[in-house]
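**Student:** Got a structure for you, written out below as structure tokens; questions coming shortly.
Number of protein chains: 2
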Amino acid sequence: MANLRGGDLSRLRQLNSLTAIRALRGAGPLTLSALAERTGLSRPSMKEVADELMELGWVEEVPPSPGTMGRPARRYRFRADSGCLVGVDIGGHNVRAALSDLDGVILAETRQPVLPDAPLEERLAAIDRAVSGCLALSGRSAADLWTVAAGTTGVLTPEGRIAFSAAIPAWTGLDLAAKLREMFPCQVLIENDSRLAALAEARRGAAQGARDVVFLHVGRRMGTGLIIDGKVHRGFGAAAGEIVMLPEARWYDAPEHLNACEVVPEGTAPEDAAGYTLAAARDGHPVALAAVDRYVDDLAVGAAAMVLVLDPQMVVLGGGFSRSADVLLAPLRERLERACMRMPEVRASTLGDECVVMGAIDYAADHLDRELFTSDAPLTPLR
Amino acid sequence: MANLRGGDLSRLRQLNSLTAIRALRGAGPLTLSALAERTGLSRPSMKEVADELMELGWVEEVPPSPGTMGRPARRYRFRADSGCLVGVDIGGHNVRAALSDLDGVILAETRQPVLPDAPLEERLAAIDRAVSGCLALSGRSAADLWTVAAGTTGVLTPEGRIAFSAAIPAWTGLDLAAKLREMFPCQVLIENDSRLAALAEARRGAAQGARDVVFLHVGRRMGTGLIIDGKVHRGFGAAAGEIVMLPEARWYDAPEHLNACEVVPEGTAPEDAAGYTLAAARDGHPVALAAVDRYVDDLAVGAAAMVLVLDPQMVVLGGGFSRSADVLLAPLRERLERACMRMPEVRASTLGDECVVMGAIDYAADHLDRELFTSDAPLTPLR
DNA sequence: TCTACTTACGAAGGAGCGCTTCATTAGTAG
DNA sequence: CTACTAATGAAGCGCTCCTTCGTAAGTAGA
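If you read the protein sequences in the order shown, they are chains Z and H. Residues 1 to 383 in our numbering are what the first sequence spells out, letter by letter. Residues 1001 to 1383 in our numbering are what the second sequence spells out, letter by letter.
If you want it as structure tokens, here you go:
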């Protein structure tokens, strides 16, 4: 029962303009005839719409494709380059950023290392450098920025404050949304990093095409992201997916099975320990295999809870340990098979370390689409 | 990226007609001027739309309201009576049905007792009697039926077959959707009963207005229903909410704590046992209180899992035991408070035994709305 | 009962948008 | 150079909504 407003002829024109933009975004440059066919409009009407969109700067003409029969047709394309979106992944050890055009096509990526216990200002400066780097690499300026979407570890509030972050001590309590709004003169969105990773996997990664996805971040810390009906599910208080808090789900201490294994050399840094165990398990070392078994036993409990609650089409394994998915997937599948009502597909992440920035870009693009296609306001001129 | 079709003037008229219907459904009979103001159309245009809707039978005129200044204004109302929806709750011991108009306003209700181990044909006959009864009570005929929505216990397939039902042995394997389609010459929808109860609570019960709701059916069997973003969440394989299958969630055997309590008199039928324990607990009987404590301990584990995964705005306690919500709510809240990241509101069901039929009606009404307001087909004449 | 006031009705005229039709134009193929 | 193909551009039509204005049908007060 959303919209009670009727419309007049300008509303119809607006609808048709948006339909044309949608068609162009979906299928590259199109001729007038192709556009008319796709939208169901007549050619003359389509022409008028296209002229108006050119006038406003949303669309531009490209040279006709040569070598066709008959008179060469005008071709139009959506000006995805008339603005840009930035995705930021603010992690403990790195700040990553990516810049894309309005279609979400990545144009530049940067990474800025930062220490987990670095003071607040230092991390914010790293964010600034990462974004500036992307702008420089792609030859854009801050004025071209339409949206900055940031993903970070920790529990967020619906307004974009950091309620708590174990990985980044200086982060807890920060009003990140406000800080970023000071830094960037554009729309700013904040989300949890696992949720953005889940979105990226659902849009361009292992779970492409699935509407309901459970993303499991397996690493030194456990995290999850839910995609429900194609959208990020954040929950009423932006606290969805925190099953790690439930002792009975056995997630909190699960990574210890890998860290405390005796195949790990004496004096290994805690963040590297699990890697040894997973590598040894791959080589068939029985002690390591037993540790992995205990780890997956625990992992499967929380995972089964999520699968039973949501019945997703797919489960995607991401995060640091998912580099060893070959060791983890089979036993995880086996345990889920036993526990679940209907077994979902279980896959390893295909996007790796860029998962979160990609998800941030997709999140920003989604937001833009919603603004564009659900608003009642007429299209505004660009530039 | 749903709709790539543009539209001509008839599409605009269609949009405005639907907007008018929506406005009329939302706010009773309206005068032309009021309608015009709400929809943003001019009065003359509104008149034309209204004339067309009257012609098609979707709208009719009602006598002007007397005692107003100025010339009396024509008033129009949506003809919610031009069709009807039926909701059916197929339980172990009863088949309930309710009939509503197209706005979901209940016009008749019936109940048909049936034995849990009754053969298939007998239960189907009870469904037929329950629905016929509603039609008779409201003076309608089967030809007025637009949609029949049925909720039943058990695990369903996405197509409306019964994959498994513990409560109704004869039910397992049945293609219920097909059977009901044979019986009723209209749209037929099948859903799990707990999901429909959840929908009813979210629309007209304890969780009114909440977009994300976890409904817990507590009784001799445990069940859940999820409302996410205002819609029933069924999952990819229609198996969402089956957390009772997970041993670590401690739901499966939870009711035993109440059944096996020593305050239950010797020889009590198993379905009545828990009632004694809950009643004794209300009276402060220490043994019963201890049993309730153990029960809620278990209940809270699965509930916390769902809350942590989804972060709903509200948790609603329904099902047979929710009649003793006064005994259960406080301890459940206390345990959730400890386990959860963000504490949702926890309330008792306000709809009681009619929960499922109401939910079925709401489900049918939702389906109708989607068909009406998202289709590209022009409005068809009624009658 | 009559008059003033209020509010809705209905008809007329105009503007915007999309449609169809048809002669024209700019290419390729032989 | 000619035939063929496919897009272009202009003209005319019909529909939907808009604004404006005189008229009609009630109530309130003298």
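Glycine residues also receive a C-beta, built at the ideal position from the N, C-alpha and C atoms. Every value quoted in this text rests on a predicted model; they were computed, and no experiment measured them.
#1: Measure the alpha-carbon distance for Gly160 of chain Z versus Glu1159 of chain H and round it to whole angstroms.
#2: Any C-beta of chain H within less than 7 Å: which residues of the segment 31 to 53 of chain Z qualify?
#3: Counting contacts by CB-CB distance shorter than 7 Å, is Ile1162 of chain H in contact with chain Z?
#4: Secondary structure at Thr1172 of chain H, three-state DSSP: helix, strand or coil?
#5: With 7 Å as the C-beta to C-beta threshold (strictly closer), list the residues of the segment 196 to 225 of chain Z near chain H in chain order.
#6: So if DSSP puts Ala1149 of chain H in a beta bridge, which residue, or which two residues, is it bridged to?
#7: Among Z:Thr157, Z:Ala118, Z:Arg250, which has the Cα closest to the Cα of Ala178 of chain Z?
#8: So, with DSSP's three-state summary, where would you put Met1 of chain Z?
#9: Please check the pair Val188 of chain Z and Val232 of chain Z, which I expect to be a contact at CB under 8 Å, by giving their CB distance rounded to whole angstroms.
#10: Less than 7 Å between C-beta atoms, sequence neighbours within five positions excluded: which residues of the same chain meet that for Ala1300 of chain H?
#11: Got a sec: which bits of the segment 1014 to 1026 of chain H sit with their beta carbon under 7 Å from any beta carbon on chain Z, in order along the chain?
#12: Using a Cβ-Cβ cut-off of 6 Å (strictly less than) and excluding sequence neighbours within five positions of Met946 of chain H, which residues of its own chain qualify?
#13: Please name the residue or residues paired with Ser100 of chain Z in a DSSP beta bridge.
#14: Would you say Val1309 of chain H reaches chain Z, if we count a Cβ-Cβ gap shorter than 7 Å as a contact?
#15: On a CA-only basis, which of H:Gln1208, H:Asp1081, H:Ala1125, H:Thr1380 is nearest Asp1101 of chain H? Give me that one, please.
#16: Determine the burial state of Met1001 of chain H: buried for a count of at least 16 other Cβ atoms within 10 Å of its Cβ, exposed for fewer.
#17: Is there contact here, the segment 267 to 279 of chain Z with the segment 314 to 333 of chain Z, by at least three beta-carbon pairs under 8 Å?
#18: Grab the span of the alpha helix (DSSP H) containing Gly236 of chain Z for me, first residue to last.
#19: Is it buried or exposed for Ala269 of chain Z, if we count other Cβ within 10 angstroms and need 16 for buried?
#20: Just to make sure I have the definition right: I need the residues of chain Z whose C-beta is within less than 9 Å of the C-beta of Glu1242 of chain H. Which are they?
#21: Are Val1062 of chain H and Arg1075 of chain H close, meaning C-beta to C-beta below 7 Å?
#22: Could one say the Cβ of Phe184 of chain Z lies closer than 7 Å to chain H's Cβ atoms, at least one of them?
#23: Span of the alpha helix (DSSP H) holding Glu159 of chain Z?
#24: Throw me the rounded Cβ distance for the Ala281 of chain Z and Val292 of chain Z pair, which I believe falls under 8 Å.
#25: First and last residue of the alpha helix (DSSP H) that includes His1367 of chain H?
#26: To the nearest angstrom, how far is the alpha carbon of Ile1106 of chain H from that of Asp1128 of chain H?
#27: Can you grab the Cα-Cα spacing for the pair Val287 of chain Z / Glu262 of chain Z, in whole Å?
#28: If you follow the alpha helix (DSSP H) that Ala1339 of chain H is in, where does it begin and where does it stop?
#29: Using alpha carbons as the reference points, say which of Z:Val59, Z:Ser141, Z:Ala198 lies closest to Asp353 of chain Z.
#30: Looking at chain H, which residues of the segment 229 to 254 of chain Z have a Cβ within less than 9 Å of any of its Cβ atoms?
#31: Step through the CB atoms of chain Z and report whether any lies within less than 7 Å of the CB of Arg1005 of chain H.
#32: How close, in whole Å, do the beta carbons of Ser17 of chain Z and Glu48 of chain Z come, if the pair is a contact with beta carbons under 8 Å?
#33: Residues in its own chain within less than 8 Å of Ser1165 of chain H by CB, not counting five upstream and five downstream?
#34: Quick one: does Ala1290 of chain H have its CB under 7 Å from some CB of chain Z?
**Tutor:** Let me spell this out:
#1: Answer to the nearest angstrom: the Cα atoms are 41 Å apart.
#2: Arg38, Thr39, Gly40, Leu41
#3: no
#4: In the structure shown, Thr1172 of chain H falls within a coil segment according to DSSP collapsed to helix, strand and coil.
#5: Asp212
#6: H:Gly1087, H:Leu1189
#7: Looking at the Cα atoms, Z:Thr157 is the closest of the given residues.
#8: With a pLDDT of 45 at Met1 of chain Z, under the threshold of 50, the predicted position of this residue should be treated as unreliable, though the coordinate-derived value follows. In this structure, Met1 of chain Z counts as coil in the three-state DSSP scheme.
#9: Their Cβ separation, rounded to whole angstroms, is 16 Å, which puts Val188 of chain Z and Val232 of chain Z out of contact at 8 Å.
#10: Leu1332, Arg1335, Leu1336, Ala1339
#11: Residues passing the 7 Å Cβ filter: Leu1015, Asn1016, Thr1019, Arg1022, Ala1023, Gly1026.
#12: Given a span of 1001 to 1383 for chain H in the structure shown, any question on residue 946 of chain H remains unanswerable.
#13: Z:Leu85, Z:Ile106
#14: yes
#15: H:Asp1081
#16: Unreliable positioning characterises Met1001 of chain H in this predicted model, as indicated by a pLDDT of 45, which lies under 50. A coordinate reading is not provided.
#17: yes
#18: It is Phe, not Gly, that sits at residue 236 of chain Z in the sequence shown. Here Phe236 of chain Z belongs to no alpha helix (DSSP H), and DSSP marks it neither H nor E.
#19: That one is exposed.
#20: Leu308, Val309, Asp311, Cys340, Met341, Arg342
#21: yes
#22: no
#23: No alpha helix (DSSP H) contains Glu159 of chain Z, which DSSP labels as neither H nor E.
#24: 4 Å
#25: It spans 1355 to 1374 - the alpha helix (DSSP H) in which His1367 of chain H sits, taken as one unbroken run.
#26: 19 Å
#27: 8 Å
#28: 1325 to 1339
#29: Z:Ala198
#30: Asp229, Lys231, His233, Arg234, Gly235, Phe236, Gly237, Ala238, Ala239, Ala240, Gly241, Glu242, Ile243, Val244, Met245, Leu246, Pro247, Glu248, Ala249, Arg250
#31: yes
#32: Not confirmed; about 10 Å, so no contact.
#33: So the list reads Thr1152, Thr1153, Gly1154, Val1155, Trp1171, Thr1172, once near-sequence residues are dropped.
#34: no
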